[in-house]
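*Asks:* After the structure tokens below, expect a handful of questions from me.
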Amino acid sequence: MALIPMRVLLDHAAENGYGVGAFNVNNMEQIQAIMAAAQETDSPVIVQASRGARSYSDDNYLRHLMIAASELNPGIPIAMHQDHGNSPETCKSAVDMGFTSVMMDGSLEEDGKTPASWDYNVAVTKKVVEFAHAKGVTVEAELGCLGGIEDGQGAGLSEEEAQDHLTDPEEAGEFVKLTGCDALAVAIGTSHGAYKFKKKPTGQVLRMDVIREIHKRMPNCHMVMHGSSSVPKELIDIINEFGGEMPETYGVPVEDIQEGIKHGVRKINVDTDNRLAMTGAVRKLLATQKGHFDPRDYLKPARAAMQEVVAARMVQFGQAGNAGKVEQKTLADMVKYYS
Ligand SMILES: [Zn+2]
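Oh and the sequence shown: position 138 is 512 in the numbering used here, straight run, nothing missing.
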């Protein structure tokens, strides 16, 4: 199956009440882990690349990895998504490269750090919607700002500061109407990276009520949860057992994500958990097999560890078992749909 527009996956997920994990890819082992997990669980999947991933992989390596993934997995619908585009130009280059979905993150200015004005966000998002929809490509937008920084993207807000930049449910309706975006990333107190919460989050800091309120006002809006790794203690423990030094930290509990899925969350971004799984596996192999020097010796267990995390999320989010049920719409079909 060719790559499919992300909107098709999100619509199917909404009709059938599940969420779709969006997993970041930078190299061959990661895309192999994601696709093996999708095969194992019969899941449609969103594979996403940040600007950092695109520069790390020189764009063209990444493009060919995507093509290989679709050729080797004809039964799996795959949406290829640009994570956190910082400008219309970045999104345009992703569309030109064959991505079937882009995120225009106009919640921050082009530097990827400074919180942007409402007018700026509406203007850049609208611009991207115009050229992306003309090619059938899906557009995700963001309103409100998350905490943390990842891949150089983020306002660097602390857990407390992030509470002042939550998505306003009333503004969300106006924003979606003005921009015509397909999906909306919401700020509900989460952060990018491994250090999201200092203790297990309560409803005071992880504001699931914002999601419920937006869903009540806009039942057809596909919401996206960013910074939604669960940061399992077991994975941190493996890293620390084999020479790492990571302080105690808490992520977004899977039960909260499942609650979000009941209230309109259709895309869940997970990156940190996969990073932790791979790093733990590499550390363990190198610490316990001290004579090994072939990169395959540690990349294989790293890939397997990531596959395990991704497969678990696919089951938890409910996308498992749906690969064959998603309608095979093309970008051309979506051009007609939008016009
Ligand atoms: Zn994000």
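Note that beta-carbon positions come from the ideal geometry of N, C-alpha and C, so glycine has one too. Note that the structure is predicted; figures quoted are calculated from it, not measured.
Taking only the alpha-carbon atoms, compute the straight-line gap between residue 571 and residue 607 and give it to the nearest angstrom.
*Replies:* Within the sequence shown, numbered from 1, the residue matching residue 571 stands at position 197. Within the sequence shown, numbered from 1, the residue matching residue 607 stands at position 233. Going from the Cα of residue 571 to the Cα of residue 607 covers about 13 Å.
*Asks:* Who pairs with residue 517 in a beta bridge, going by DSSP?
*Replies:* Stepping through the sequence shown from its first residue, residue 517 is reached at position 143. Per DSSP, 560.
*Asks:* Report all residues from its chain with a CB closer than 7 Å to the CB of residue 382; omit the five preceding and five following residues, and keep chain order.
*Replies:* Here residue 382 corresponds to residue number 8 of the sequence shown, with the count starting at 1. For residue 382, where only same-chain residues beyond five positions count, the Cβ hits under 7 Å are 700, 701 and 703.
*Asks:* Tell me which residue opens and which closes the beta strand (DSSP E) that residue 398 is part of.
*Replies:* To locate residue 398, count along the sequence shown from 1; it is residue 24. Unbroken beta strand (DSSP E) run through residue 398: 394 to 398.
*Asks:* Here's the rule I'm using: 16 or more other beta-carbon atoms within 10 Å means buried, otherwise exposed. How should residue 625 be labelled?
*Replies:* On the sequence shown, position 251 is the one that residue 625 refers to. Counting Cβ neighbours within 10 Å, residue 625 comes out buried, since at least 16 surround it.
*Asks:* DSSP beta-bridge partners for residue 423?
*Replies:* Locating residue 423 in the sequence shown gives position 49, counting from the first residue. BP columns for residue 423 point to 456.
*Asks:* Is the beta carbon of residue 507 sitting closer than 8 Å to the one on residue 712?
*Replies:* Walking along the sequence shown from the start, residue 507 turns up at place 133. Walking along the sequence shown from the start, residue 712 turns up at place 338. Against a cut-off of 8 Å, the Cβ pair of residue 712 and residue 507 comes out as a contact.
*Asks:* For ligand 1, is there any heavy atom lying closer than 7 Å to the beta carbon of residue 480?
*Replies:* Here the question's residue 480 lines up with position 106 in the sequence shown. Every heavy atom of ligand 1 is 7 Å or more from the Cβ of residue 480, so no.
*Asks:* What's the call for residue 446, buried or exposed, on a 16-neighbour Cβ count within 10 Å?
*Replies:* Residue mapping note: residue 446 aligns to position 72 of the sequence shown, counting from 1. So residue 446 counts as exposed.
*Asks:* With DSSP collapsed to three states, give me the class of residue 622.
*Replies:* As a position in the sequence shown, residue 622 is number 248, starting the count at 1. Coil, per DSSP.
*Asks:* Could you check which residue in 428, 554, 692 and 580 has the C-alpha nearest to that of residue 600?
*Replies:* Taking the sequence shown and counting its residues from 1, one reaches residue 600 at position 226. Ranking 428, 554, 692 and 580 by Cα distance to residue 600 puts 580 first.
*Asks:* Rounding to the nearest angstrom, what Cα-Cα distance links residue 430 and residue 400 in this structure?
*Replies:* Reading the sequence shown from its first residue, position 56 is the one you call residue 430. Reading the sequence shown from its first residue, position 26 is the one you call residue 400. Going from the Cα of residue 430 to the Cα of residue 400 covers about 7 Å.
*Asks:* CA-CA distance, residue 634 and residue 664?
*Replies:* In the sequence shown, the residue the question calls residue 634 occupies position 260. In the sequence shown, the residue the question calls residue 664 occupies position 290. Spanning the two alpha carbons is a distance of roughly 44 Å.
*Asks:* Give the single residue among 632, 656, 694 and 597 whose Cα lies nearest to the Cα of residue 615.
*Replies:* Here residue 615 refers to the residue found at position 241 when the sequence shown is read from its first residue. Nearest C-alpha to residue 615: 656.
*Asks:* Which residues in the same chain as residue 591 place their Cβ atom closer than 8 Å to its Cβ, once the five residues preceding and following it in sequence are excluded?
*Replies:* As a working note, residue 591 is residue 217 in the sequence shown. Here the set comprises 543, 544, 546 and 547.
*Asks:* What is the rounded straight-line gap between the Cα of residue 501 and the Cα of residue 462?
*Replies:* Translated into positions along the sequence shown, residue 501 becomes position 127. Translated into positions along the sequence shown, residue 462 becomes position 88. Answer to the nearest angstrom: the Cα atoms are 7 Å apart.
*Asks:* Which residue from 491, 494, 483 and 423 puts its Cα closest to that of residue 468?
*Replies:* One-based indexing of the sequence shown puts residue 468 at position 94. Looking at the Cα atoms, 423 is the closest of the given residues.
*Asks:* Should residue 667 be labelled buried (16 or more other beta-carbon atoms within 10 Å of its own) or exposed?
*Replies:* Here the question's residue 667 lines up with position 293 in the sequence shown. Exposed is the call here.
*Asks:* Within 10 Å of its beta-carbon, does residue 417 have 16 or more other beta-carbons around it, so buried, or fewer, so exposed?
*Replies:* By one-based count along the sequence shown, residue 417 stands at place 43. Residue 417 should be labelled buried.
*Asks:* Check whether the Cβ of residue 596 lies closer than 7 Å to any heavy atom of ligand 1, and answer yes or no.
*Replies:* Here residue 596 is taken as the residue at index 222 of the sequence shown, counted from 1. Flag unset: Cβ of residue 596 not near ligand 1.
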